[in-house]
Structures are given as structure tokens and as C-alpha cells.
Amino acid sequence: MINVTKTFLPPQEEYQDILKKAWDKAWMTNRGILVKELEDKLMTYLEVPNIIATTNGTLPLQIAIKALQLTGEIITTPFSYVATTSSIVWEGCKPVFVDIHSEYLTIDESKIESAITANTSAILATHVYGNSCHVEAIETIAKRNNLKVIYDAAHCFGVTYKGQSIFNYGDVSTCSFHATKLFHTGEGGALFCKPHLFPSLYSHHNFGHNGPEAFHGLGANAKMSELQAAMGLAVLPYMQSIIKERKAIVEMYNSAFESTSLQLLKLRENTNWNYSYYPVIFETENQMLRVKQILENNAIFPRRYFYPTLNHLPYITNEFSVPISDKIAPCVLCMPLYVGLKKEEVKFIVQIVIDNL
Ligand SMILES: *Cc1c(COP(=O)(O)O)cnc(C)c1O
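Whatever position you read off the sequence shown (first residue = 1), add 75 for our numbering.
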């Protein structure tokens, strides 16, 4: 059976050796030595000035909205994972969907300004599949209209834009270290921010604590545990080889699909991508469903990601016109992409797809 992804696991002894350091101290959470070591190593690896390791990639979005004291409307993309929208609604704000760019698949910056009202407080955009949003245009719009910017960078581990980490853009960026993501800690994630926001985000991720007996204000519990950090520390040394192997698979897919009717992801200029997903867009939903069924008959399970488009969630009013997202989401399929996927398997997948277009 071939799934869309398979979690990379380091040798179990390596995980256990690292975990032993926490075991010896009988210290499993509350920012123990392993979380601190992981944060230090990630700051170096990613070349970012700060990081807060968290227990998943969704709480960082909620905490960012809370810490930036956002209210009213937040402009966002309909083409993302549900957590992007649910976090906005969970924090009592209203998502306002702006359509996506037909090739880059990120929010269409040229359509943002006409969606701004007196109630707009922020833009929450997703670097879809690790592809950068037009961060300069979004920054200009945000400045002109006094809006905050949050990036859901869940897919962006290791991505750089114009030579620096994509996490350095926006007021706050978030990442996910879920087991299905490029770099993982089982469940996990991180916050990255402009330096002046760090104390507030830090406090919000730890109950609002100001020392053991005082509080700055309201907080949640989004701390990463030592068990999660141990996994991250065991996976991190493999990242270069993980990315290299995924790149080789992506290049096989690219050369096979280039001259077909499939639409492939167009990377934004100046983006150094991380090979995190391999989406293909079929001409019609029927064509996609047919190919998907034939792949499944051969024990290959690609995933409809992202589908449905988020303006169709049951808790969203049906008032948004996002024709490009509505057209692309039903036709997109993410192909299997993971360490250990064999060349012959990629060839087999490619052949089935091409034969049935
Ligand atoms: C995975 C993902 C999340 C949520 O991350 P978790 O770690 O699963 O909570 C948020 N946004 C996007 C775009 C994602 O792909």
C-alpha cells in the first residue's frame, strides 16, 4: 500500500538515547532541556531570531490572533487546511475569504484591498504547499491599512524567500511539526514573530504565567513536551537527506507530468522550496475522481488536499465569491511523496496517471 505520505522515523535507539536525558531528570514538560535544545538547534538550522516550540501547529494560530488582540474581520484564504479558518472562528473573529492566484495558489494579493472594511484587523494567509505568498505586496497593503499579518507557514519548514527564512515575514508566522509534515515531532509546531511580540506570545503559550505565582493575563497551554522535543532532535539531523530524497521524487514527477494536461504547482520567484507536497490539478473533478479510483484500485492512496475549499465549511455563511479556489479545490490531488518511496513505485504511479488522463 502506498499512501500520500509516510512519517519519517529515525532509528528507535537514537530517539531513546535523546529521551534518556529527560528521563534521568524525571522532567517531561514545562520547557525542559530537550525543548530548549530543540529550539536552539532550530534557530540555527532555520536562521531565525526567535522561536517558541508548541504542542501542535493550530494553537499557534489561535495564540497569534489572541496576542495581537485581533477583533472583527480577518482576511484569509479559502485554499488551506481547516485550521487556518477554524482558528479565526474559534477566536471570535470573522473570516473574510479572498480568492487565490490561479498558478501560485496563494491568496491573490491584488484582491485583498477591496475586501478591507472598517472592521478588518488582519490578514491571515497560508504559504500553500510551502510556496511563498507575495509577502512584499501583503506587507505594503497591511501598512497602508494598519492591519496585522499572520502567516500560516505550516508547510514551510526550511523554505527561504529572497535568501531568508520565510518565517521571518509577517508579524507572526506559525509552523506545524505534525507527523505528516516535512519535519515532525509527532504532534508539534512553532511560533516565530517580530521580536517585540515575543514576550506576549510566550506568555500566551504558557497560561499567561509571569513567574510561578503571577499572571500577565489570559493564556492557553501550548507547550511542547520533552517526548515531542526528543523526536524533533532525533529527526533534525536527517533533514538534509530527507529533502534530497524528496527532491529526487519531485523531479521524477515533474519530468513525467510536464508535457501533460495536468497543472503543476508554480513556485513563486525567489522561493527556495522544501519539496513538502506534490499537488497536481486535473482539468475536471470527474477526471481527477476517475484517476484517483484507478490509483486506489492499485493500492495507491493520494489525498484530496485541500478539499473542500474553506468557504464551504458548515459554520461559514455562504457569501463569498472565490471562483478560482472553487474551481481548483475539487480538481487537486496530492501525489505520494515520502522518504522510502521507491523509483519503481513512482514510475508505476506516473504510468497509471498518464494512461488515464
Ligand atoms: C497541518 C496544518 C495545520 C495544523 O497543524 P497541526 O500541527 O496539525 O495542528 C495548520 N495549517 C495548515 C495549512 C496545515 O497544513
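The C-beta atom is built at its ideal place from N, Cα and C for all residues, glycine as well. Note that this is a predicted model, so its numbers are computed, not measured.
Thinking C-beta only, is residue j closer than 8 Å to residue i?
i: Leu308; j: Leu109; result: yes
i: Pro124; j: Pro270; result: yes
i: Ser278; j: His259; result: no
i: Phe357; j: Leu408; result: yes
i: Val203; j: Thr181; result: yes
i: Ile149; j: Cys168; result: yes
i: Gly132; j: Ser207; result: no
i: Ile198; j: Leu222; result: yes
i: Ile140; j: Glu166; result: yes
i: Phe154; j: Ser400; result: yes
i: Tyr413; j: Thr130; result: no
i: Val421; j: Met363; result: no
i: Val425; j: Ala331; result: yes
i: Tyr350; j: Arg321; result: yes
i: Gly205; j: Val224; result: no
Can you tell me which of the options puts its alpha carbon nearest to the alpha carbon of residue i?
i: Glu348; options: Cys231, Cys250, Met314 and Ile424; result: Here the sequence assigns Trp to residue 348, which means Glu is not the residue at that position. It is Cys231 whose Cα lies nearest to the Cα of Trp348.
i: Arg106; options: Thr215, Asp246, Leu302 and Ala158; result: Leu302
i: Phe423; options: Gln91, Asp401, Pro389 and Asn372; result: Asn372
i: Ala158; options: Ala323, Tyr313, Phe381 and Lys81; result: Phe381
i: Asp430; options: Thr335, Lys223, Asn386 and Lys111; result: Thr335
i: Ile77; options: Gly415, Ser196, Val428 and Lys141; result: Gly415
i: Ala217; options: Ile241, Gly233 and Ile191; result: Ile191
i: Ala295; options: Gln362, Phe282 and Arg379; result: Phe282
i: Leu121; options: Glu288, Lys402, Asn243 and Lys322; result: Asn243
i: Ser196; options: Tyr179, Val171, Gly205 and Lys186; result: Val171
i: Pro86; options: Pro354, Pro312 and Val325; result: Pro312
i: Thr384; options: Ala228, Lys402 and Tyr179; result: Lys402
i: Tyr390; options: Ser162, Lys111, Leu113 and Glu88; result: Ser162
i: Leu134; options: Lys111, Pro411, Ala229 and Ala289; result: Ala229
i: Asn329; options: Tyr353, Val310 and Glu394; result: Tyr353
i: Met410; options: Glu114, Val366 and His387; result: Val366
Hey, how far is the Cα of residue i from the Cα of residue j?
i: Lys319; j: Gln338; result: 24 Å
i: Asp99; j: Met299; result: 19 Å
i: Thr255; j: Gly238; result: 26 Å
i: Asn194; j: Leu145; result: 10 Å
i: Leu94; j: Ala101; result: 10 Å
i: Lys341; j: Ile175; result: 13 Å
i: Thr119; j: Leu257; result: 18 Å
i: Ala128; j: Tyr156; result: 21 Å
i: Leu84; j: Ser316; result: 13 Å
i: Thr249; j: Gly264; result: 7 Å
i: Leu276; j: Ala142; result: 6 Å
i: Thr392; j: Leu432; result: 35 Å
i: Glu262; j: Glu344; result: 31 Å
i: Glu89; j: Thr215; result: 46 Å
i: Glu112; j: Thr82; result: 22 Å
i: Val428; j: Lys417; result: 17 Å
i: Gly286; j: Leu293; result: 14 Å
Could you tell me which residues DSSP pairs with residue i in its beta bridges?
i: Gly107; result: DSSP, once it has assigned bridges, lists no residue as partnering Gly107.
i: Asp227; result: Thr201 and Thr249
i: Arg378; result: Cys409
i: His284; result: Phe290
i: Glu148; result: Lys169 and Thr195
i: Gly132; result: Answer by DSSP bridge pairing: none, since Gly132 is not bridged.
i: Leu113; result: Its beta-bridge partners do not exist; DSSP assigns none.
i: Ser240; result: Thr235
i: Gly307; result: In the DSSP output, where bridge partners are listed per residue, Gly307 has none listed.
i: Lys298; result: Thr129
i: Phe267; result: Ser248
i: Val355; result: Leu339 and Leu408
i: Ile175; result: Ile182
i: Thr346; result: Tyr236
i: Ile77; result: Ile375
Assuming residue i contacts residue j (C-beta within less than 8 Å), just tell me the rounded distance between them.
i: Ala97; j: Ala374; result: No, Ala97 and Ala374 are not in contact; Cβ-Cβ is about 39 Å, not under 8 Å.
i: Thr160; j: Val173; result: Between Val173 and Thr160 the Cβ distance is about 13 Å, and since that is not below 8 Å, they are no contact.
i: His280; j: Ala297; result: 4 Å
i: Glu188; j: Ile213; result: With a Cβ gap of about 11 Å, Glu188 and Ile213 do not count as contacting.
i: Tyr226; j: Ala200; result: 6 Å
i: Thr346; j: Val234; result: 7 Å
i: Glu333; j: Pro405; result: Not a contact, Cβ separation roughly 23 Å.
Is there at least one Cβ from chain B nearer than 8 Å to residue i's Cβ?
i: His176; result: Considering every chain present, this structure includes no chain B. It has just one protein chain.
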